[in-house]
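Residue numbers (our numbering), protein chains in the order written: chain F, 1 to 514; chain D, 1 to 514. Using N, Cα and C, we set each Cβ at its ideal position, and we do this for glycine too. What follows is a single structure, written as structure tokens, with notes after it.
2 protein chains.
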Amino acid sequence: MKNSVGREIPENIIGYKEISIYNKPFDKEPVGRKAAPLLKQIKPKDNKVLKSIEEVIKKAGLKDGMTISFHHHFRNGDYIINMVIDKIAQMGIKNITIAPSSLTTIHESLLKYVKNGVITRIYTSGVRGKLAEAISNGVMENPVIIRSHGGRARAIESGEIKIDIAFLGVPRCDEYGNASGKGEKTICGSLGYAKVDAKYADTVVIITDDLVDYPNFPASIKQTEVDYVVKIDSIGDSKGIASGATRYTKNPKELLIAQYANKVIVNSGYFKEGFSFQTGSGGSSLAVTRFLKEEMKRKKVKAKFALGGITKPMVELNQEGLIEHLFDTQTFDIDSCESIIKNSNHHEIDASMYANPHNKGNFVNKLDIVILSALEIDTNFNVNVITGSDGVIRGASGGHSDTAAGSKMSIIVAPLVRGRIPTVVDRVNTIITPGETVDVLVTERGVAINPRRTDLIERLKGKGIPILTIEELKNMAADIVGTPEPIEYTDKVVAVVEYRDGSIIDIIYQIKQD
Amino acid sequence: MKNSVGREIPENIIGYKEISIYNKPFDKEPVGRKAAPLLKQIKPKDNKVLKSIEEVIKKAGLKDGMTISFHHHFRNGDYIINMVIDKIAQMGIKNITIAPSSLTTIHESLLKYVKNGVITRIYTSGVRGKLAEAISNGVMENPVIIRSHGGRARAIESGEIKIDIAFLGVPRCDEYGNASGKGEKTICGSLGYAKVDAKYADTVVIITDDLVDYPNFPASIKQTEVDYVVKIDSIGDSKGIASGATRYTKNPKELLIAQYANKVIVNSGYFKEGFSFQTGSGGSSLAVTRFLKEEMKRKKVKAKFALGGITKPMVELNQEGLIEHLFDTQTFDIDSCESIIKNSNHHEIDASMYANPHNKGNFVNKLDIVILSALEIDTNFNVNVITGSDGVIRGASGGHSDTAAGSKMSIIVAPLVRGRIPTVVDRVNTIITPGETVDVLVTERGVAINPRRTDLIERLKGKGIPILTIEELKNMAADIVGTPEPIEYTDKVVAVVEYRDGSIIDIIYQIKQD
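This is how it looks when you write it as structure tokens:
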């Protein structure tokens, strides 16, 4: 079967549920009712506080074959996932499905547990490092399922992912489970992913290194959702949140891309009083925010809200009155973590409210403009942000396809080539975001507008923007670095890439070894 | 069958589900999973705003036999329930179950719809006025089900009450359904009851008289929960919130009761740094808060939180630093409504978090002291707050049984007699709160401690509190006003009083006409 973006999808995939193939962005309607956790009675004198991870694993009744979840708000500073799985392995429990909101390099030590059968399935937004390489080389029997942030929330809310036990690390918590994003030792800001797990998991375990007096309020996760609380020495390193991200670029190529992107925004018709936007944490993306700020001041245009993935430049715009509200699923740097605690217009939202396509109205639906990155983009505007030029998994689906689908204008910012690797190609290795939801590609060598958007083509003419076709950009890239040899794969499926609605948009195969 | 508080419960009640009889406060464990609403997709360009109540009733698909819900945050100032039912009746829809969080005198105009079959079932915390009289006189075929605030939340969360459509009036809302408790025309503070309906109803309709630009944040009810938004001229009269309540008593009897109650609290062992309490909105109750304030200042004791039912005296204690947090399901006066909007330590909580016995930890479980009222209390400490001395329904179950069960010490404050009617009796007309959850009765003539609480009896000795047995108080009351003739009833069940766990604690029968 071919899906509507031209990818061949097998009729059966071992270790995967019933196949549903991608067709159109809003084609797949949800069926049935939301999932719901078990009912439970907690009596006035009941105690939720347990002494150790081991005790909580026993009390929560973790057994072979169960599904457990985690969040990645600490990104590369997370200690919880490795710590819990170490303990599970020690206790001799096997055949576990892990469903973290994402995995980063710090989690590559899980590879040994994938090899010895402690972990047999992984559902995640992304995976990196040695674990990702091993997966791409076929280490797992069951394919990893890659979901967007909205897609994960949808899968949990619909019951597609049934979480038996959620292990949620939080910077501060009281004895009854009221948990928040800033504590004595760590800070992580929004707990937007964790909030979804807390609502739907059958058993919710809070792990903290700052257990405070009752009641810890305001709370991101609340006592009515929590079964057990465990205090440990250290849940993570907040410095890991910002590693690599939110740098202030001086790279002339990135600055040029940001300038073009800014011109696209300002002339698009969407840049007007009360607009909304989301930008990422990459160099060009952050630079766009800076240029946009100047433009907003000059034209006296204020934004109603920014969405994300909140970064310091957005917090500054909010402080200066240029953005009224910040809606935050995941906080990308320490300054922003401080902001969400003390700033009443910096609102925490959960991942479902952020981007789940199957609830009664998410935030990405209300987004005017989104700036996104790409590892590759093809001449149909399909975007890859998950596999490298060698075919190896090295990224994350994130909110890419969610914001592209929801927003009125999605702009991809990317250099035309990276080293010897073209960004604009005939066919991307892996499709995360379908081209029909991508409106503009901005490179340092020119800007391509999706032909579907005749309105934008019209509005951006004669505005000092070097408009080319995407084929022209592809040819320019090919002229510089040539056309890379296609990657060779076996026919073993190592990952299924789900679109946000749960249909399959692409398959990642095992890389053929030399 | 007799339940454990000695009430004869029929084996079958026409129009009522399977019978479960009350045994012990925490005896009944929940079974199964939480209820969950239908999944739904809202696409980026979908519009939720409809033009009229009539249009929304059609769009939402209201049909004969369905269950609809409302909240009573406007208390006697609510326009929504009457307005929606008027329209439903005009449209010829019949056989509707209404499940408001409570009903007040303003809703007595629904009597005509009970008579003509538009409304055939009522689930509520309370009912008053002509509608209540007619119910007590047998106007309905199916018994009214009386639930506590926690019991209602439990019934909705467990799926026992399945709400097809919730019609929720809110002071302010945006086009996507983000709703809050203060608007241009009205204010109601916490939307604690409405939040439960919004989470579990299949279709959620927001009705507002202040439709503002997106996004209206912070929001009590959020866009992910809302199907339709309707703007009308006026949703209610905020003055109705405070009618009768929160008066500053000068009545010497009430002041004496408050003084004794204060002495009980101060000497109980629970009055210490970090304690928690709830007081009601009656004269004595408010006076207790005033006395307590002096005592807190004198002894330099601060409370961690107050729960409720929040009133101005509590807000003042919070402002003065004597109470750290206020947790608010329902706001009882305009000053408190203003406070919850602007005061970051005045937190809105939903009715489930407040008092649902079948979630993972409600607030009443964490309560040290609660002050409650009574229409009658019997020598087993069972309390009636629902039927008058004539047997007619005239009150509400409210949070009475919830807080009595959850708290470490529940204190009933009541005058020994009211006019010609004794408060302390051998047998109360109707049991709302079982005596085993009631610890102390404070009257102007003396204080009775539940014999079960030997610890309290010991601690309150020799503290200048006139301690009597409850039989002595009953005899004193009988000496003053005599023993009233028993009320005569037919064998028709007009209301079933459920305990908070869903078991039947009492039955209200039709009054025999002269």
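Cutoff 8 Å: residue i Cβ touching any chain D Cβ
{"i": "Lys195(F)", "result": "no"}
{"i": "Asp514(F)", "result": "no"}
{"i": "Ser352(F)", "result": "yes"}
{"i": "Tyr176(F)", "result": "yes"}
{"i": "Val31(F)", "result": "yes"}
{"i": "Lys34(F)", "result": "yes"}
{"i": "His358(F)", "result": "yes"}
{"i": "Lys517(F)", "result": "This structure leaves residue 517(F) out entirely; chain F is present only between 1 and 514."}
{"i": "Asp455(F)", "result": "no"}
{"i": "Asp227(F)", "result": "yes"}
Neighbouring residues, chain F, relative to residue i (Cβ below 9 Å)
{"i": "His346(D)", "result": "Result: empty, since nearest Cβ-Cβ is about 10 Å, beyond 9 Å."}
{"i": "Asn362(D)", "result": "Ile42, Gln223, Thr224"}
{"i": "Tyr22(D)", "result": "Here the premise fails: no neighbours, minimum Cβ distance about 15 Å."}
{"i": "Asp164(D)", "result": "Per Cβ cutoff of 9 Å: no residues; Asp164(D) is ~13 Å from chain F at best."}
{"i": "Pro171(D)", "result": "Ordered by position in chain F, no residue passes the 9 Å Cβ test against Pro171(D), which lies about 19 Å from the chain."}
Cβ of residue i within 8 Å of any chain F Cβ
{"i": "Lys272(D)", "result": "no"}
{"i": "Leu326(D)", "result": "no"}
{"i": "Pro215(D)", "result": "yes"}
{"i": "Pro515(D)", "result": "Nothing about residue 515(D) can be read from this structure; chain D reaches only from 1 to 514."}
{"i": "Phe167(D)", "result": "no"}
{"i": "Asp210(D)", "result": "no"}
{"i": "Phe26(D)", "result": "yes"}
Collapsed DSSP secondary structure at residue i in the structure displayed
{"i": "His358(D)", "result": "coil"}
{"i": "Thr443(F)", "result": "strand"}
{"i": "Gln330(D)", "result": "strand"}
{"i": "Leu367(D)", "result": "coil"}
{"i": "Pro313(F)", "result": "helix"}
{"i": "Pro10(D)", "result": "coil"}
{"i": "Ile470(F)", "result": "helix"}
{"i": "Thr289(D)", "result": "helix"}
{"i": "Asn380(F)", "result": "coil"}
{"i": "Arg147(F)", "result": "coil"}
{"i": "Pro100(F)", "result": "strand"}
{"i": "Tyr228(D)", "result": "strand"}
{"i": "Gly189(F)", "result": "coil"}
{"i": "Lys59(F)", "result": "helix"}
{"i": "Ile431(D)", "result": "coil"}
For residue i, the nearest candidate out of the options (CA to CA)
{"i": "Ala132(F)", "options": "Gly388(F), Leu460(F), Tyr489(F)", "result": "Gly388(F)"}
{"i": "Tyr123(F)", "options": "Lys34(F), Ala258(F), Ser109(F), Ile156(F)", "result": "Ile156(F)"}
{"i": "Lys40(F)", "options": "Pro357(D), Lys312(D), Tyr79(D)", "result": "Pro357(D)"}
{"i": "Lys63(F)", "options": "Tyr214(F), Thr97(F), Ala478(F), Ile241(F)", "result": "Thr97(F)"}
{"i": "Ile241(D)", "options": "Val230(D), Ile187(D), Asn362(D)", "result": "Ile187(D)"}
{"i": "Asp514(D)", "options": "Ser238(D), Ile487(D), Ser220(D), Glu295(D)", "result": "Ile487(D)"}
{"i": "Glu324(F)", "options": "Glu273(F), Val31(F), Gly482(F), Thr279(F)", "result": "Glu273(F)"}
Chain F residues whose Cβ lies nearer than 7 Å to that of residue i
{"i": "Gln90(D)", "result": "Neighbours of Gln90(D) on chain F: none; closest Cβ ~28 Å, over 7 Å."}
{"i": "Ser158(D)", "result": "Leu39"}
{"i": "Pro434(D)", "result": "What Pro434(D) touches in chain F: nothing, since even the nearest Cβ is about 15 Å away."}
Residue i: contacting residues in chain D (beta-carbon distance under 9 Å)
{"i": "Lys366(F)", "result": "Pro44, Tyr176, Tyr214, Pro215, Gln223"}
Chain D contact residues for residue i, given Cβ-Cβ distances below 8 Å
{"i": "Phe277(F)", "result": "Chain D residues near Phe277(F): none, gap ~14 Å exceeds 8 Å."}
{"i": "Lys304(F)", "result": "Asp213, Tyr214, Pro215"}
{"i": "Gly406(F)", "result": "Pro44"}
Residue i: contacting residues in chain F (beta-carbon distance under 8 Å)
{"i": "Pro218(D)", "result": "Ser344, His347"}
Beta carbon proximity, residue i to chain A, threshold 8 Å
{"i": "Ala414(D)", "result": "Going by chain labels, chain A is absent from the structure shown, which instead holds the protein chains F and D."}
Segment contact, 8 Å Cβ cut-off, at least three pairs: the segment 260 to 270 of chain F with the segment 463 to 473 of chain F: yes
Segment contact, 8 Å Cβ cut-off, at least three pairs: the segment 2 to 19 of chain F with the segment 323 to 334 of chain D: no
Three CB pairs or more closer than 8 Å across the segment 285 to 302 of chain F and the segment 311 to 323 of chain F: yes
Inter-stretch contact (C-beta, 8 Å, three-pair minimum) for the segment 247 to 262 of chain F and the segment 342 to 349 of chain D: no
The segment 70 to 82 of chain F contacting the segment 100 to 113 of chain F, beta-carbon criterion three pairs below 8 Å: yes
Cβ pair count under 8 Å reaching 3, the segment 371 to 390 of chain F against the segment 420 to 436 of chain F: yes
Inter-stretch contact (C-beta, 8 Å, three-pair minimum) for the segment 452 to 459 of chain F and the segment 474 to 494 of chain F: no
Stretch-stretch touch, CB-based, cutoff 8 Å, three pairs: the segment 499 to 506 of chain D with the segment 126 to 144 of chain D: no
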